[in-house]
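Quick notes on the structure that follows.
Protein chains: 4
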Amino acid sequence: MNSQFDNLKTEKKERIINAALKEFAQSGYEKASTNGIIKEAGIAKGSLFNYFNNKKELYLFLLDYVTKIIDEIYSKADWNETDFFKRMSQIGCIKFEIYKKYPQAFDFMKRAVSEGATEVRTEIEALIKNLISTGLERGYQNIDFSKFRTDLDLEKVTKIINWTALGFAEEQRDKVNSFQDVTADVLDEWEELSNILKRCFYKQEYCGDD
Amino acid sequence: MNSQFDNLKTEKKERIINAALKEFAQSGYEKASTNGIIKEAGIAKGSLFNYFNNKKELYLFLLDYVTKIIDEIYSKADWNETDFFKRMSQIGCIKFEIYKKYPQAFDFMKRAVSEGATEVRTEIEALIKNLISTGLERGYQNIDFSKFRTDLDLEKVTKIINWTALGFAEEQRDKVNSFQDVTADVLDEWEELSNILKRCFYKQEYCGDD
Amino acid sequence: MNSQFDNLKTEKKERIINAALKEFAQSGYEKASTNGIIKEAGIAKGSLFNYFNNKKELYLFLLDYVTKIIDEIYSKADWNETDFFKRMSQIGCIKFEIYKKYPQAFDFMKRAVSEGATEVRTEIEALIKNLISTGLERGYQNIDFSKFRTDLDLEKVTKIINWTALGFAEEQRDKVNSFQDVTADVLDEWEELSNILKRCFYKQEYCGDD
Amino acid sequence: MNSQFDNLKTEKKERIINAALKEFAQSGYEKASTNGIIKEAGIAKGSLFNYFNNKKELYLFLLDYVTKIIDEIYSKADWNETDFFKRMSQIGCIKFEIYKKYPQAFDFMKRAVSEGATEVRTEIEALIKNLISTGLERGYQNIDFSKFRTDLDLEKVTKIINWTALGFAEEQRDKVNSFQDVTADVLDEWEELSNILKRCFYKQEYCGDD
DNA sequence: TATGAATGAGGATTCATTCAT
DNA sequence: AATGAATGAATCCTCATTCAT
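Residue numbers (the working numbering), protein chains in the order written: chain A, 16 to 225; chain B, 16 to 225; chain C, 16 to 225; chain D, 16 to 225.
Structure (structure tokens):
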């Protein structure tokens, strides 16, 4: 079980976690090599299987680990900000900060989303579903929806905005591939998109560009 | 070569193609088992390698096969329709029709897009690049962009619409997972989204829900 | 059986024989590909197995074929020449002539001698033994052994000469590898070796260099 | 690498080495079956590939192994012996002793010399070239060539003697095939050949049969 | 008689997992 | 608790041989 793994020194634990995240992120579940992990982590073959009974258990542990990191995003957000677009920008920035801190975790998660291995797909999908639902729930907390035009279906409008944000994020990710160089440019471009959306979906008095 | 495969009876060819599409869609390139394919297709171990010299060649053949199916979409579209949203609906419907005819091909393509295997990634990326460029080119052919508001950046606006369409399609796919039962409902829902977008992005005189 | 093969047109027979000789010479028994043979010969897969029940039978047929070619060597020699060294030179020259006519047969034979495949080794060894014994028997026919010194064991002396000839031939083969460019030089060098041997093993009155 | 293999118990290492030598000697590089080796050695399928990454590496290891055995021959010879024939006899005897100790190694080497597999041919040829050059160099070390007649080309004379020795060795090997029973007889026969050669090639004062 | 598609045993190699130390 | 050698099922692929046409 994990009790044995938990009792390890923090440094060793991190070494193992990072080695495993990296390997799974690079190669996907099935192709990831336990040999690669133990080599990178500098531990013995048997040890890995002492800590985690098998590959799947290790993968699921990591899935749980990154979930906690994602939770960090939400715990850091300023839930008093009531403007929908400002909240989105804020969360985007925090995501980015955390990415710089735990890059492997993000690469792992990115890979997990498109993971095809039947052995773990179910768990990943459940996690994603959960993440999305609680994410939306928390993401919409304290938002002042009264700024939106009342002649448009609010649910649909927020969907359009979310899809736009998602599409934009995807586009940026494809463009940079490693989040190293992105900063102000990306934010500026998002600002422009935000303004278009605001002008369309907000009541006229809230359309100011600030 | 494929000459031997081409000479097979249509029924057998389809059995093999579908078995392979299914296996690759489920497991990805590397983990897909040729054993699984021949078992599902009901052919002998060696036969598959008579038809295709190796796994990669088989995969590339399938990639070509689905490309042709995608081309079918465009060849069936009415390129005289100048309204952006009507064109999108039309292509969406055709896509859907073809999906019902070749469901595995779509799952295969979906998987291919996020395929990580280095052995075939180059080919996939080339194909995608080609698909996107000719796709956009053809997709925007004859569109009357003068209907759009001139005070908004047209490029960004079309991006928002495309992301919305993509996000909506994804949502529907996740919802139904097998496209068996969806029809009018989906179209109605898209119509509603379309109307919101039209009201926001078209000049006022074109916002009629026609 | 071979009756079916025998009834083939000469041209086709030769095409098949040469293709097979070439393939076996290049790749050895086990690694030789029946596919390679039928492709080179321009016949159908099944045909080869109509003519010869299996790979081994084909190989054995070729072994027999080249044996007949070797017999040609002896049938062409001038058996009235009684000088041991002149006879050797003569046979060497004839060998060389025939090599130029049937190069594949020689390459095949060369490869056969060092063939390791257990499936055919027995037959090859029997053939070689037979070739050597009848070869020696015929090679020594009509030779005037009275020219040799009587104080040396004749059997041993002829052995030494044969080993020298063999060693020399081997050396030349390694040097040229394809018998294309060898001619006078080789003969001259052999002449020199012959003279040394003559001076040692012939009675003094026969040591003249011609 | 070989570190894992090196750490094995001597008995197991020898079992594997001998099994592999035997298989490669019998079947040649390409046709040699790793299955055959592991079966003969009594180890698991995967183990062989733990010790040696692949077939080629195993083969190259064996090539190195037999080279060391050959070096043993030279390290045991008495390099103060200046008589050419005595030196040859001596090395011949040592070779024979070692053959009795490592029969498979000799069969392996014999096969290697005529190995056709392109995958290992380069390495074999390099080894042979090295073996021959250092072999000749060491073999002729301290030899008193002044014993030879000066009216004969020394280079050619030594060649004749070497070819004779080689031919004789080959003859003996073919005769006994397992070297179990040969001893004094062979030496006696070689002595007789030596005497003939000495009487022909040495200056008269050194022809004593001692 | 000639064909070539179909077969399947066998090839080398990989890798998660076990277990004696 | 930690180790790493041993395992063997599963991987893709080859090829001599068969057999229906």
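Positions of the beta carbon are idealized from the N, C-alpha and C atoms, including for glycine.
Interface flag, residue i vs chain D, CB-CB below 8 Å
i, result
"D168(C)", "yes"
8 Å contact criterion, which residue i and residue j should meet: CB distance rounded
i, j, result
"F123(D)", "Y66(D)", "About 18 Å separates the two Cβ atoms, so there is no contact after all."
"I113(C)", "E87(C)", "6 Å"
"L36(B)", "T49(B)", "Their Cβ separation, rounded to whole angstroms, is 14 Å, which puts L36(B) and T49(B) out of contact at 8 Å."
"T165(D)", "T179(C)", "No, T165(D) and T179(C) are not in contact; Cβ-Cβ is about 21 Å, not under 8 Å."
"R102(A)", "I158(A)", "6 Å"
"K110(A)", "I211(B)", "No, K110(A) and I211(B) are not in contact; Cβ-Cβ is about 27 Å, not under 8 Å."
"Y221(A)", "K162(A)", "4 Å"
"L181(C)", "G182(D)", "6 Å"
Cα-Cα separation between residue i and residue j, rounded to whole angstroms
i, j, result
"L146(A)", "D79(A)", "11 Å"
"N22(C)", "T82(C)", "21 Å"
"K144(C)", "F216(D)", "32 Å"
"I175(C)", "R126(D)", "25 Å"
"E140(C)", "N68(A)", "58 Å"
"E6(B)", "C108(B)", "This structure leaves residue 6(B) out entirely; chain B is present only between 16 and 225."
"K116(B)", "A56(B)", "19 Å"
"G131(A)", "E96(B)", "39 Å"
"S209(D)", "E45(C)", "41 Å"
"Q119(B)", "I53(C)", "39 Å"
"D98(A)", "D168(A)", "18 Å"
"L75(B)", "L151(A)", "40 Å"
"T133(B)", "S42(B)", "15 Å"
"L77(D)", "I85(D)", "12 Å"
"R136(D)", "V128(C)", "18 Å"
"K71(C)", "E29(B)", "39 Å"
"I58(D)", "F121(D)", "24 Å"
"F194(B)", "L73(D)", "With a pLDDT of only 45 at F194(B), under the threshold of 50, the placement of this residue in the model should not be trusted; the figure read from the coordinates follows. Taking the straight line from one Cα to the other gives about 55 Å."
"K60(A)", "K24(A)", "18 Å"
"N177(A)", "K27(B)", "45 Å"
"E38(A)", "I31(D)", "34 Å"
"D200(C)", "S18(D)", "52 Å"
"E206(C)", "L202(D)", "32 Å"
"D93(B)", "S148(B)", "19 Å"
is_contact[residue i, chain C] using C-beta, thresh 8 Å
i, result
"G51(D)", "no"
Beta carbon proximity, residue i to chain B, threshold 8 Å
i, result
"F194(A)", "Residue placement at F194(A) cannot be trusted, given a pLDDT of 47 that sits under 50; the coordinates are not used to answer."
"L151(A)", "no"
"I109(A)", "no"
DSSP beta-bridge partners of residue i
i, result
"Y217(C)", "F163(C)"
Neighbour flag for residue i against chain A, beta carbons, 8 Å
i, result
"I85(B)", "no"
Using a Cβ-Cβ cut-off of less than 7 Å, list which residues of the stretch 125 to 144 of chain B approach chain A; keep chain order. R126, S129 and G131
If contact means a Cβ-Cβ distance below 8 Å, which residues of the stretch 196 to 219 of chain C contact chain D? E207, L208, I211, L212, R214, C215 and F216
When you check each C-beta in the stretch 23 to 55 of chain B against every C-beta of chain A, which residues fall closer than 9 Å? A40, Q41, S42, G43, E45 and K46
Beta carbons nearer than 8 Å to chain A: which residues of the stretch 154 to 182 of chain B have them? Contact residues of the stretch 154 to 182 of chain B toward chain A are L167, D168, K171, V172, K174, I175, N177, W178, T179, L181 and G182 (C-beta to C-beta distance below 8 Å).
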